[in-house]
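Asks:
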């Protein structure tokens with residue numbers, strides 16, 4: 001009997017896991033990633049809300065009880081990293097340990113608890129790491145990164161892969177709660193005065209994107225989604241219109257947090273900080289006048305890992321990197337996905353269909369993801385693929401793009417009728433991307449009966465437009481493939497394009 005391998009087949013062969021332990025002012029968190037890559041994927045994530053930064057602004061010291069909770073969490077994280085056989089653990093500490101008089105003693109004890117040296121980031125280093133996290137998580141970002149933690153707020157300009165000079169201010173949720181004595185009116189005055197002293201940062205934000213980093217702002221975004229009945233419960237790249245955001249943030253500041261819709265999704269320890277996060281974001285919107293607020297699930301931790309990549313890897317498109325990884329892990333023939341990209345590209349050129357750079361990225365990603373649902377029951381491949389893609393851990397992808405990718409693969413399995421899918425996800429995609437998804441699905445529905453998802457076949461069977469005809473060319477040895485099923489799918493493509501279908505046997 002052949003020996004059975006117990007090595008995980010669903011993980012990339014990119015070395016052992018790496019981990020970040022983030023000792024923040026509000027939480028202490030461990031995130032272990034599959035490995036060091038352009039599209040980092042967490043394999044374990046745990047946080048403990050310790051509140052290290054509570055009262056530091058007024059007492060100058062880390063609370064003894066919070067220190068004890070943090071040390072216990074770090075000892076636990078050490079065991080977990082050993083269990084996962086993590087190759088490298090990066091431990092970082094930020095504002096609370098930086099500002100407290102007993103911070104050095106805490107860091108010494110913390111290093112013993114987790115068994116690793118600890119990097120105490122300066123405000124500038126924290127701002128830079130947050131900006132690198134946004135670069136890792138967004139495609140060609142342009143705007144201002146704001147990272148709000150428990151103890152501080154970092155602001156830093158980002159444009160493409162370029163990071164500007166950052167600034168740090170003591171405007172974290174716990175710090176504001178502390179120095180304001182729990183008065184939201186006083187906290188608002190503190191925030192406004194602090195931001196008005198940094199006009200050059202907010203002036204540069206005008207008409208650009210504000211990238212909101214931090215757990216409190218993600219929690220606010222989750223509540224905003226619930227209040228607007230938003231169809232896709234994914235935080236990363238969720239966009240809030242500034243005018244709508246101001247109305248919602250004012251509501252959060254005025255309301256009892258217990259009455260907010262979906263408040264149960266926010267931990268009890270974080271709920272008191274929501275109003276302070278709302279105050280800071282409201283003042284940034286009022287003073288900076290961004291065109292939009294984009295929520296980022298990527299921040300300091302991902303920035304630290306991104307900074308360790310070689311320049312060539314950093315330049316890779318994060319969406320295509322993630323799609324390539326899933327193609328490798330879940331497709332019947334990964335090379336077929338690459339060939340499908342090329343095959344569809346040749347057809348798009350032949351019909352002279354305008355395609356923006358963003359649409360090209362999306363089409364290529366969809367081709368790489370087209371076969372990831374093949375192991376599911378045939379009746380549910382469309383639905384399962386849609387869910388895998390719509391809720392997948394993708395970077396460099398906005399929410400309309402998610403909807404397009406999910407719809408493309410859904411239509412590939414379920415047929416081209418738009419009535420088969422929820423109107424909510426269609427609304428998210430918009431008319432243009434829906435039609436692009438149907439067209440790509442129609443191409444895929446021709447490609448798979450010809451190639452059976454195997455590599456080396458599609459290059460022999462080009463599909464092209466010729467005048468008013470859409471022509472599939474098959475070599476003579478593949479002629480028997482031109483059955484009723486295949487010709488029916490070619491007719492469906494022709495109907496979409498108002499062209500006549502033709503199969504040519506070479």
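In the UniProt record's numbering, the protein residues as written are 1 to 506. From the three backbone atoms N, C-alpha and C, an ideal C-beta is built for every residue, glycine too. Note that the structure is predicted; figures quoted are calculated from it, not measured.
(1) Look at residue 493 and residue 458 and say whether their C-beta atoms are less than 9 Å apart.
(2) Measuring CA to CA, which of 402, 455, 415 and 90 is closest to residue 361?
(3) The alpha helix (DSSP H) spanning residue 187 covers which residue range?
(4) Going by the CB atoms, is the gap between residue 201 and residue 157 shorter than 9 Å?
(5) So, helix, strand or coil for residue 466, using DSSP?
(6) Where does residue 230 fall in DSSP's three states?
(7) Which residue's Cα is closest to the Cα of residue 280: 114, 183, 182 and 191?
(8) So for residue 168, helix, strand or coil by DSSP?
(9) DSSP state of residue 538, grouped into three classes?
(10) Take every Cβ of the stretch 101–119, pair it with every Cβ of the stretch 157–170, and state whether three or more of those distances are shorter than 8 Å.
(11) Measure the Cβ-Cβ separation of residue 327 and residue 372 and say whether it is below 9 Å.
(12) Beta-carbon within less than 7 Å of residue 115's beta-carbon, same chain only, minus the 5 sequence neighbours each way: which residues are those?
(13) Taking residue 187 as the reference, give the member of 100, 277 and 226 with the closest Cα.
(14) Of the choices 359, 346 and 380, whose alpha-carbon is the least far from that of residue 410?
(15) Can you give me the C-alpha to C-alpha distance between residue 336 and residue 135, rounded to a whole angstrom?
(16) If you follow the beta strand (DSSP E) that residue 266 is part of, which residue opens it and which one closes it?
(17) Rounded to whole angstroms, how far is the Cβ of residue 137 from the Cβ of residue 350, which I believe are closer than 8 Å?
(18) What does the alpha-carbon distance come out to for the pair residue 455 and residue 218?
(19) Among the residues of its own chain, which have a CB less than 6 Å from the CB of residue 66, if the five just before and after it don't count?
(20) Along the alpha helix (DSSP H) that carries residue 456, what are the first and last residues, could you check?
(21) Return the first residue and the last residue of the beta strand (DSSP E) that residue 45 is part of.
(22) For residue 331, which three-state DSSP category applies?
(23) Scan the stretch 353–420 and note each continuous alpha helix (DSSP H) run of 4 residues or more that stays entirely inside, going in chain order.
(24) With a cut-off of 8 Å, do at least 3 Cβ pairs link the stretch 214–229 to the stretch 238–245?
(25) Since residue 144 is in the beta strand (DSSP E), which residue starts that stretch and which ends it?
(26) Expressed to the nearest angstrom, what Euclidean distance is found between the alpha-carbon atoms of residue 194 and residue 345?
(27) So, residue 91 versus residue 43, is the Cβ gap smaller than 9 Å?
(28) Pairs of beta-carbons, one from the stretch 283–290 and one from the stretch 196–214, closer than 8 Å: are there three or more?
(29) Looking only at C-alpha atoms, which of 461, 468 and 466 sits nearest to residue 477?
(30) Can you tell me which of the three DSSP states residue 307 falls into?
(31) In chain order, what residues of the same chain lie with their CB nearer than 6 Å to the CB of residue 306, ignoring the 5 residues before and after it?
(32) What is the C-beta distance between residue 148 and residue 216, in whole angstroms, given that I count them as a contact (C-beta under 8 Å)?
(33) Counting Cβ pairs, one atom from each stretch, are 3 or more of them under 8 Å apart for the stretch 26–38 and the stretch 79–87?
(34) If we call anything under 9 Å between Cβ atoms a contact, is residue 151 one with residue 198?
(35) Mapping DSSP to helix, strand and coil, what is residue 117?
Replies: In brief:
(1) Within the chain shown, numbered from 1, the residue matching residue 493 stands at position 493. Within the chain shown, numbered from 1, the residue matching residue 458 stands at position 458. Contact: no.
(2) By one-based count along the chain shown, residue 361 stands at place 361. Nearest C-alpha to residue 361: 402.
(3) Within the chain shown, numbered from 1, the residue matching residue 187 stands at position 187. Element bounds for residue 187: 184–196.
(4) Looking up residue 157 in the chain shown gives position 157. Looking up residue 201 in the chain shown gives position 201. Yes, they are a contact pair.
(5) Within the chain shown, numbered from 1, the residue matching residue 466 stands at position 466. In the structure shown, residue 466 sits in a strand (DSSP, three-state: E or B).
(6) The count along the chain shown starts at 1 and reaches residue 230 at position 230. Here residue 230 sits in coil by DSSP.
(7) On the chain shown, residue 280 is found 280 positions in, with the first residue counted as 1. Ranking the options by Cα distance to residue 280, first place goes to 191.
(8) Translated into the one-based positions of the chain shown, residue 168 becomes position 168. Strand.
(9) This structure gives no information on residue 538, because the portion of the chain shown stretches from 1 to 506.
(10) no
(11) As a working mapping, residue 327 is identified with position 327 in the chain shown. As a working mapping, residue 372 is identified with position 372 in the chain shown. Going by C-beta atoms, residue 327 is nearer than 9 Å to residue 372.
(12) The residue given as residue 115 occupies position 115 in the chain shown. Correct list, in chain order: 78.
(13) Within the chain shown, residue 187 is the residue found at index 187, counting from 1. Ranking the options by Cα distance to residue 187, first place goes to 277.
(14) In the chain shown, counting from the first residue as 1, residue 410 sits at position 410. Out of 359, 346 and 380, 380 has the C-alpha closest to the C-alpha of residue 410.
(15) Sequence index remark: in the chain shown, residue 336 carries index 336 (1-based). Sequence index remark: in the chain shown, residue 135 carries index 135 (1-based). Spanning the two alpha carbons is a distance of roughly 30 Å.
(16) By 1-based counting over the chain shown, the position of residue 266 is 266. Note, residue 266: premise wrong, no beta strand (DSSP E); not H, not E.
(17) Numbered from 1 along the chain shown, position 137 holds the residue referred to as residue 137. Numbered from 1 along the chain shown, position 350 holds the residue referred to as residue 350. The Cβ separation is near 35 Å, so there is no contact.
(18) Position 455 of the chain shown holds residue 455. Position 218 of the chain shown holds residue 218. Rounded to whole angstroms, residue 455 to residue 218 spans 42 Å at the Cα level.
(19) Along the chain shown, one-based indexing puts residue 66 at 66. So the qualifying residues of the chain are 50, 51 and 52.
(20) For this step, residue 456 is matched to residue 456 along the chain shown. Here residue 456 belongs to no alpha helix (DSSP H), and DSSP marks it neither H nor E.
(21) The residue given as residue 45 occupies position 45 in the chain shown. 42–49 is the extent of the beta strand (DSSP E) around residue 45.
(22) By 1-based counting over the chain shown, the position of residue 331 is 331. In this structure, residue 331 counts as coil in the three-state DSSP scheme.
(23) 357–369, 381–390 and 399–414
(24) yes
(25) Against the chain shown, residue 144 aligns to sequence position 144. Element bounds for residue 144: 142–148.
(26) For the purposes of this step, residue 194 is identified with residue 194 of the chain shown, where counting begins at 1. For the purposes of this step, residue 345 is identified with residue 345 of the chain shown, where counting begins at 1. Each residue's alpha carbon lies about 52 Å from the other.
(27) Locating residue 91 in the chain shown gives position 91, where the first residue counts as 1. Locating residue 43 in the chain shown gives position 43, where the first residue counts as 1. Not in contact: residue 91 and residue 43 (Cβ atoms no closer than 9 Å).
(28) yes
(29) In the chain shown, the residue the question calls residue 477 occupies position 477. If we check each option's Cα against that of residue 477, 461 comes out closest.
(30) Reading the chain shown from its first residue, position 307 is the one you call residue 307. Residue state, collapsed to three classes: coil.
(31) Start at 1 with the first residue of the chain shown, and residue 306 comes out as number 306. Excluding residues within five positions, the ones whose Cβ falls inside 6 Å are 132 and 136.
(32) The residue you call residue 148 lines up with position 148 of the chain shown. The residue you call residue 216 lines up with position 216 of the chain shown. Contact holds; Cβ gap of about 6 Å.
(33) yes
(34) Translated into the one-based positions of the chain shown, residue 151 becomes position 151. Translated into the one-based positions of the chain shown, residue 198 becomes position 198. No, Cβ-Cβ distance for residue 151 and residue 198 is not below 9 Å.
(35) Taking the chain shown and counting its residues from 1, one reaches residue 117 at position 117. In this structure, residue 117 counts as coil in the three-state DSSP scheme.
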